[in-house]
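S.K.:
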Amino acid sequence: MATSVYMEALSPTMEEGRVVKWHKRDGDPVKAGETLAEVETDKAVMDLVARADGVLRQVSAAEGQTVPVGSVVAVIAAPGEAVGAAAPAPQPAAAPAAGTGERGAVPSDPAPAATPAVPADATRVRASPLARRMARDQGVDLELVAGTGPGGRVTKRDLETAERAHVGAARPVAAQPAVQREVPLPAPRSSVVARRGTAYEDIPLTQIRKTIARRLAASLGPIPHFFLTTEVDMERAADARGALNESLGERGKVSFNDIILKATALALAQHGACNAWFQEDHIRYWNEVHLGMAVAVEDGLITPVIRNADLKSLTEIGREAKELAEKARTRRLQPAEYTGSTFSVSNLGMFDIDQFTAVINPPEAGIIAVGSIVQKPAAVDGTLAPRRRMRVTMSCDHRVIDGATGASFLRTLKQMLENPLAMLL
Amino acid sequence: MANQFDVIVLGGGPAGYVAAIRSAQLGMSTAVIEKEKLGGVCVNIGCIPTKALLHSAYIATLLREAKEFGVDAGAVKTDYGVAMQRSRRVSDQSSKGVEFLMKKNKITVAKGAGVLQPGRKVKVANDVYEAKKAVIIATGSRVKGLPQIGLEINKTTVISSDEALFLDKAPPSLAIIGAGAVGMEFADIFHAFGTKVTLIEALPRILPLEDAEAADTLAKSYKKRGIDVIAGAKVKKGTPGKDRVTLEVEANGATQTLDVAAALMAAGRAVNTEGIGLSECGIQVTERGFIKVDQALQTTAPGYYAIGDVAGPPMLAHKGSREGVCVSEHIAGKKPHPIKYDNVPSVTYCHPEVASIGLTEDQCKERKLDYVAGRFPFSANGRARGSGETEGFVKILRDKKYGEILGAHIVGAHASELIHELAVARENEYTVEEVELAIHAHPTMSEAVAEAALDSLGRVLHV
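Taken in order, these protein sequences are the chains called A and B. For the first sequence, the positions run 84 to 508 when my numbering is used. For the second sequence, the positions run 8 to 470 when my numbering is used.
1. How would you write the range of the alpha helix (DSSP H) that Gln221 of chain A sits in, first residue to last?
2. Taking the beta carbon of Ser330 of chain A as the centre, do at least 16 other beta carbons fall within 10 Å, making it buried, or is it exposed?
3. Quick one, which residues of the segment 406-424 of chain B are near chain A if we go by CB-CB under 8 Å, in chain order?
4. How many angstroms separate the CA atom of Leu507 of chain A from the CA atom of His337 of chain B?
5. Pairs of beta-carbons, one from the segment 129-144 of chain A and one from the segment 109-121 of chain A, closer than 8 Å: are there three or more?
6. Interface residues of chain B around Arg216 of chain A at Cβ under 8 Å?
7. Got a sec, what are the start and stop residues for the alpha helix (DSSP H) Glu403 of chain A sits in?
8. Taking the C-alpha atoms as reference points, what is the distance between Thr38 of chain A and Thr312 of chain A?
9. Who are the neighbours of His344 of chain B on chain A, taking C-beta pairs under 9 Å?
10. Against chain A, does Glu441 of chain B count as a neighbour if the rule is that its beta carbon must be under 9 Å from one of theirs?
11. Answer yes or no: does any C-beta atom of chain B fall closer than 9 Å to that of Ala270 of chain A?
12. Determine the DSSP secondary structure at Ala460 of chain B, reduced to helix, strand or coil.
13. Closer than 7 Å by beta-carbon distance: list the chain A residues that pair up with Asn435 of chain B, in chain order.
14. Can you list, in chain order, the residues of its chain whose CB lies under 6 Å from that of Ala408 of chain A, leaving out five sequence neighbours each side?
15. Where Leu344 of chain A and Asn502 of chain A are concerned, what is the direct C-alpha to C-alpha distance, given to the nearest angstrom?
16. Find out if the Cβ-Cβ distance for the pair Gly327 of chain B, Gly23 of chain B is shorter than 9 Å.
17. If you run the structure through DSSP and keep just helix, strand and coil, what is Asn430 of chain A?
18. Specify, as a first and last residue, the run of the beta strand (DSSP E) that Tyr89 of chain A falls within.
19. Taking only the alpha-carbon atoms, compute the straight-line gap between Phe197 of chain B and Glu294 of chain B and give it to the nearest angstrom.
20. How many angstroms separate the CA atom of Ile40 of chain B from the CA atom of Arg149 of chain B?
21. Find the residues of chain B that neighbour Lys239 of chain A, judging by a C-beta separation of less than 9 Å, and give them in chain order.
22. Helix, strand or coil, according to DSSP, for Gly190 of chain B in the structure here?
23. With DSSP as the reference, label Tyr229 of chain B as helix, strand or coil.
24. Would you tell me roughly how many angstroms separate the C-alpha atoms of Tyr378 of chain B and Ser98 of chain B, rounded to the nearest one?
25. By Cβ distance below 8 Å, which residues in the same chain neighbour Asp79 of chain B in space, the five residues on each side in sequence not counted?
26. Can you tell me which of the three DSSP states Phe439 of chain A falls into?
27. Considering only their Cβ atoms, is the gap separating Phe193 of chain B from Thr2 of chain B smaller than 9 Å?
28. When you compare each of B:Met109, B:Lys241, B:Val242, B:Ile213 to Ser228 of chain B by their alpha carbons, which one comes out closest?
29. Where does Phe385 of chain B sit, in a helix, a strand or coil, going by DSSP?
30. Taking CB distances under 9 Å as the criterion, tell me whether Asp220 of chain A reaches chain E.
31. What's the C-alpha gap between Lys113 of chain B and Gln11 of chain B?
32. Going along the chain, which residues of its own chain have a beta-carbon closer than 6 Å to the beta-carbon of Ala296 of chain A, five neighbours each way excluded?
33. Have a look at His365 of chain A and Leu210 of chain B and give me their C-alpha separation to the nearest angstrom.
34. Report the residue from B:Arg405, B:Ile207, B:Gly399 whose alpha carbon sits nearest the alpha carbon of Asn259 of chain B.
35. The alpha helix (DSSP H) spanning Pro56 of chain B covers which residue range?
36. Any idea what DSSP makes of Val351 of chain B, helix, strand or coil?
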C-alpha cells in the first residue's frame, strides 16, 4: 500500500515549507528514516524523512516550491506496486506574510493566473477598500495594522490609530555621537511634561505582536522576560545629592532612591513604549507615569505607587516614597495606593547587592532592578580613577518591549543619572 | 424574587423595545416598563402614523395629476378624518406587533410610569423591579411649545404633532413653526388635504440640517405647489384666540401678521428626563439636558445605561434602536462594534423625499476638505421619467484623494430607500469606485446613485 509523503511540520510554528532539494528522485528506492528532501522551515533547513520503505513516486513539489504543511508532496509505493494517477500538485502556499507590503495593499492586482481561487485564510489581509487605498498611498504595510472592523478588517480609523501609536510609542531618541568626552545630555525637553488629553491609549495587537506574544510566552512562561544591564556612573548624582541635602538642611533629605525614581519617571515620559500594560489582545500605552516602588515588608513585598511621578518634584517624590514605604511596613496601605502602577523600580542597593534581576509586576511591561553604589576603578578621560558606580538591570516583557526599545529607555535613564542636571531640562 | 430581572428597560419606544429584544436574545431575563403604548412616539404618534398620512397625501396628489397618465379619477375629494382613522389602525397594528414581539421573546411588560431608584431598581406604582445586571433608560422625548412668545401648546389652536395626528378635519389654514423633518412632513400632508399652509423657519433655510441644494430644491417644489415658505423668519409673538391664532412674523426686515386657524409647533423636542429619579441615582445630565453617557452609553451611575433620544442627538428612531442593540450586547459581555454616529441616515418623508448621510457640502467646505461633488438629476433617469417623478437629484461628495464617500444627498421619490446603498458603502468604507462597479439594474432610480458616483469621477454617462 502506498504511503503519502506529507510536508511535515518540522518546527512547532511551521505553517509551510520550501523544498530546497530532493535527495531521492522519482523511482528511487527509499527506506524508512532516510532523508527524502531538505525543507526550509520558518527557522532552519530540516530533513524530510521517509516514513515507509518502498519506491518514491509522484513527486509533486518541485525544488524551490513552497507548500503548506499537510500537503502531499510525493508517495512511497510498495516495491512493484502500481500507484494511481499522479497526485494533484500541491497548492502553492500564499506568499510569505512579511516583507511584501504590496500584496494586499493593491486590491486591483489580479491573482496570478496559476493560483486557483483560495478561500480567505489567516494570511490574507482584510482591509476596507478605503483603507487599502490609504495604505497604498502612504506606504503602510497593512500586515502591521491591527484591524477592528468586522472580522478584523483594517479600517480607516485603524490606520489613523496606528499612525498615532507609532508617533507616540516610537518617539525617536536624539542621535548621540558614538564617542563623547562629556556626559551626553538627553534630548532637550520642557520642564512641563506635555501630555495628550487621555490617561492612556489602547492599541490593538497587530498580527506580528500577537505572534510575538504567543511564541515568547509559550517558550518562557507566562511573561517572556529578558534582561538588560547597564552600569551607571553615579559621581555627579552623588555630588548633586550632597549639595541638595546641604541646602535643604533640616527640611528633609534626598535619597539616591528618590533620584532614581525621578529619573526613571522622566525617562518613561520620553519612552512611552516602555510605559505600558500587556492586556492579552491589546497593549495599553500609558500617557501617565505611575511608578511602582517595591518595598520589602515582613513576609513579602508590596509595590506602592507614586502617581504621576514624572510631574512631581524630587522632594515631593521623596516625601511620598517615604510615606508609602512607612505605610507599607505598617500595613496601612489602601488598595488605591498599591494598584495601577505603569512601571516599577526595585532597589536592593541597601542590601549590598551589586546586580540582580527583578520579576515583572504584571500587567506592566518592565521593571528596573537597582544594585548598590560601589566605588570601583573606572576609566575617566583615559585615566583610571575611583568612581561610584551602580548597576541597573531592566526586565522587559518581550511581548511589549523589544531589545532596542528597552535599551533606548535605559540609555536615557543612564544619561539622566550621570548628569542629573539633565532632569531639569 | 418575582420582580428581579437581568435587565430592566425604562421606556418601550424604538430604542427601549429593541434593547429588550436583543437582551432577551442574549439569554438575559428582561422587563420593559412603559407608561403608554409599546412602540413609543415612533409607532404611536411619530414615524409610523405620519407615514400613513403622507401616503394618503401622495395618493391625493397622484390622483389630481392622474389624467395626464391616462387615468381620469374625476374630482378628487379628500377626508382627513378617514385618513387619520386609517393611520390609527396602522399605528395600533404596529404597537400590537411590538406587544407580540415582547411575548415572543418572553419579555415582561410592566405598564406604568417608572421611577429609577439607587441599586439598579425601578419603582412602578407600588412595585419595585430590580435589575441584576443593568437598567437601560430609554424614556425618549416629546414636542415642546414656545411659551416665551405666547405659543404654549393649548391643544386646540396651538397644537403639536400629537394633536395634528388626531384631527377629524384638516384645518382651513395652518402655520407650521419649524421646517425640520416634522414641519416639512405636516406641510406636505395638510397641503394635500386642502389646508392653506404657511411654513415658517427661523434659520435661513428650510431643512436646516440638510444640504443646501436639497433644501433649495424642496423650497422651490413647495412654493410651486402653493405652500408658503418663509425662511429666516422670527415669530415675535403669537396670540391664540378661540378658533384663530394671530402670529407676528418678522422676515427680511419687515413684520407681517398672519391670521391662521391653527399653529403647529414643530420647533424641537424636549427629552423626558424629569421625574424619573435621575439625580437620586447619581445620573448626570449634559448642559443641553441629555443624559451624560460614555462611549458604551453608560451613565455616570454604574449599572445604568441611556439610549435613544435621552442619550443625545440625533433624535432618530433608528439611532436609538442601534444603541439598544449595542447596549444589550455590552451588558451581556460582548464587544459590539462601536456605533458610527457620523453614518446615521437622515430622512424626511415629504414629497419629494429628502435623504442624506454623512457631511453636507457646506460642512466639507467648513472643514476645508478637498472634495468633488458628483451629481445626477432624476430628470435624466428613465425610470423617474416613466413615473413622472423627475424632481430631485443624487449628489455624492467624494474625497478627492482617496475616493471616500464624505456625504451623500438624495432628493426625489423613494430617496428614503435609495440612501441605504450609500449607507452600506460608507459603513464598509467602499469608495465611489466600488459603488459604481456594482451593476445597477436598468431602469431603476438607483442608477442615479451609480451615475452620481461616476460623475464624481468625471465619467458620468447619461448627462
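Don't be surprised by glycine CBs; every beta carbon is placed ideally from N, CA and C.
M.R.: Taking the definition as stated:
1. 212-221
2. exposed
3. Lys408, Tyr409, Gly410, Glu411
4. Approximately 46 Å between the Cα atoms of the pair.
5. yes
6. Tyr409, Gly410, Thr438
7. For Glu403 of chain A, the uninterrupted alpha helix (DSSP H) run begins and ends at 397-412, by DSSP.
8. There is no way to answer for residue 38 of chain A, as the model of chain A reaches only from 84 to 508.
9. Thr231, Gly232, Pro233
10. yes
11. Here Ala270 of chain A scores only 40 on pLDDT, less than 50, and its place in the model is too uncertain to base an answer on.
12. helix
13. Ser211
14. Val378
15. 15 Å
16. In contact: Gly327 of chain B and Gly23 of chain B (Cβ atoms closer than 9 Å).
17. strand
18. 86-89
19. 36 Å
20. 18 Å
21. Tyr409, Glu411, Glu436
22. helix
23. helix
24. Between the alpha carbons of Tyr378 of chain B and Ser98 of chain B lies a distance of about 43 Å.
25. Ala73
26. coil
27. Given a span of 8 to 470 for chain B in the structure shown, any question on residue 2 of chain B remains unanswerable.
28. Distance check between Ser228 of chain B and each of B:Met109, B:Lys241, B:Val242, B:Ile213 places B:Ile213 closest, using alpha-carbon atoms only.
29. helix
30. Of the chains in the structure shown, none is chain E; the protein chains are A and B.
31. 14 Å
32. Arg482
33. 47 Å
34. B:Ile207
35. 54-71
36. coil
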